[in-house]
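A.B. asks: Residue numbers (the numbering used here): 10 to 109.
Glycine included, C-beta positions come from ideal geometry on N, C-alpha and C.
Just so it is clear, the structure is predicted and the values come from calculations on it, not from any experiment.
I have a structure I would like to understand better, so I am pasting it below and will then ask my questions one at a time.
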């Protein structure tokens, strides 16, 4: 299964979640958090990620009337990060155009 979850969600669900995460990450300035990555769950990044995942779960239920599998939220959260960073194209992750 790929990061984008297209085999789990239909097109409307997929577009809704991806666009929702892109909007929220821009609104909250996720890409501007200047701290080392933390794996203890207490960094500002971790806390914002967890907050947005929970809000997305609720927004999805409000939009479609049923819950989505938990995996899609994490995957589309990170896919939105890649979209905003310009590191994804139609086939997936952008590959270097030339080797160094």
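(1) With DSSP run on the structure shown, which of helix, strand or coil describes residue 32?
(2) Quick check: residue 25 and residue 61, are their CB atoms within less than 8 Å of each other?
(3) Using alpha carbons as the reference points, say which of 73, 16, 63 lies closest to residue 86.
(4) Considering only C-alpha positions, which residue in the set 36, 33, 77 is nearest to residue 16?
(5) State the start and end residues of the unbroken alpha helix (DSSP H) segment that holds residue 63.
(6) Three-state secondary structure (DSSP) at residue 76?
(7) Does DSSP put residue 92 in a helix, a strand or coil?
(8) Report buried or exposed for residue 84, applying the criterion of at least 16 other Cβ atoms within 10 angstroms of its Cβ.
C.D. replies: Considering the structure as presented:
(1) Judged by DSSP in its simplified three-state form, residue 32 adopts helix.
(2) No, these two residues do not count as a Cβ contact at 8 Å.
(3) The residue with the shortest Cα to Cα distance from residue 86 is 63.
(4) Taking each of 36, 33, 77 in turn and checking the Cα distance to residue 16, the smallest one comes out for 77.
(5) Membership of residue 63 in the alpha helix (DSSP H) is indicated by the continuous run 53–73.
(6) Coil, per DSSP.
(7) Note: residue 92 maps to helix in three-state DSSP.
(8) Residue environment analysis places residue 84 among the buried positions, since at least 16 neighbouring C-beta atoms fall within 10 angstroms of its C-beta.
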